[in-house]
Structure formats: structure tokens, C-alpha cells
Amino acid sequence: MSMNDPLGDMLTRIRNAQMRGKSTVRTPASKLRAWVLDVLKAEGYIRGYEQATSDAGHAELEISLKYFEGTPVIRELARVSKPGRRVYASVKEIPMVRNGLGVSIVSTPKGVMTDAAARNANVGGEVLCTVF
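Be aware that the sequence shown starts at 1, since it is given in UniProt numbering, and climbs by one per residue.
Quick look at the structure:
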């Protein structure tokens with residue numbers, strides 16, 4: 001899978017780091033990844049992230065993971081749209097996650113945002129992933 005799906009790679013890194021109880025995890029930097037992290041941060045799923053540089057000199061994002069009483073705040077992080085099978089939704093079709101307890105992250109013409117924000121902005125787009 002690796003780098004055909006950079007976003008999927010980042011989500012997997014987050015899941016793996018959480019399983020090991022790590023406080024931070026690094027991923028190669030990209031605009032899309034940073035936009036998704038912005039949403040995760042705004043929704044309280046991660047502490048935040050900062051720009052970093054790998055030993056090889058590549059730009060990376062260092063993500064600060066969030067735990068509550070030792071349990072990862074993110075219980076589920078699933079890729080929806082994949083390089084081989086893109087998933088687009090009109091504003092009416094954007095999925096609710098766990099009856100609204102989770103969020104779908106949608107890439108819209110107005111930016112990357114939660115399903116609720118996309119409904120408010122009345123835009124659809126590519127359903128990148130779901131978080132719960």
C-alpha cells in the first residue's frame with residue numbers, strides 16, 4: 001500500500017502509534033495531511049501537530065496523540081475514499097458517523113472539513129475518512 005495512498009498511510013501510522021501508546025508519531029508532510037490534521041485537532045481527536053524535519057532532511061509532520069485515562073481518544077479511524085475507489089458524496093449523501101458521535105472528514109471545494117461543516121456550507125465532496 002505505502003505511498004500510493006499517503007493519507008491512508010498517515011491514518012495507519014496514527015492507529016499503530018496509539019496501539020503502542022506512543023505520545024507522538026511522524027508522517028511525511030503534505031498539504032492534504034495537514035488539512036486533515038487541522039480537522040482532527042479542531043474536533044479534539046489529537047493534541048496538535050508541528051512541522052519537523054527527518055534525519056534525511058525531508059519535511060515531516062509530528063502529530064501529538066491524545067489519550068483519556070490511558071485510552072486513545074480516537075477509537076476508530078477509517079479510510080473511506082481510496083486511490084483505487086474514490087468515494088464522492090453530495091451534501092445530502094455525506095454519511096453520519098455513529099449517529100453523529102463521530103465525524104466524516106470531507107474534502108470539498110471550500111476546503112477539508114467535517115461532515116457537519118460541509119452540510120452547513122451546503123457542499124459535498126470526497127469523503128476522505130471517518131473518525132470515532
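Heads up, the beta-carbon is just placed ideally off N, CA and C, and yes, glycines get one too.
The shortest CA-to-CA distance from Y45 to any of L65, N99 and A78 is the one to L65. The residues C129 and T130, in chain order, have a CB closer than 7 Å to that of A78 in the same chain once the five nearest residues on each side in sequence are set aside. Taking F132 as the centre and dropping the five residues before and after it, the same chain places the C-beta of R75, E76, V97, R98 and G102 closer than 6 Å to its C-beta, in chain order.
DSSP places P6 inside the alpha helix (DSSP H), whose first and last residues are P6 to M19. For G70, the three-state secondary structure derived from DSSP is coil.
V91 and R119 do touch by the CB rule: their CB atoms are close to 6 Å apart, below 8 Å. For A118, the enclosing alpha helix (DSSP H) starts and ends at D115 to A121.
Between E60 and R26, the C-beta gap is smaller than 8 Å, which places the two residues in contact. In the same chain as G125, and ignoring 5 residues on each side of it, the C-beta atoms closer than 6 Å to its own belong to V106, S107 and T108, in chain order. In the three-state DSSP reduction, A59 falls in the strand class (E or B). It is roughly 31 Å from the alpha-carbon of G21 to the alpha-carbon of A117. For E43, the closest C-alpha among the options G100, V127 and K110 is that of G100.
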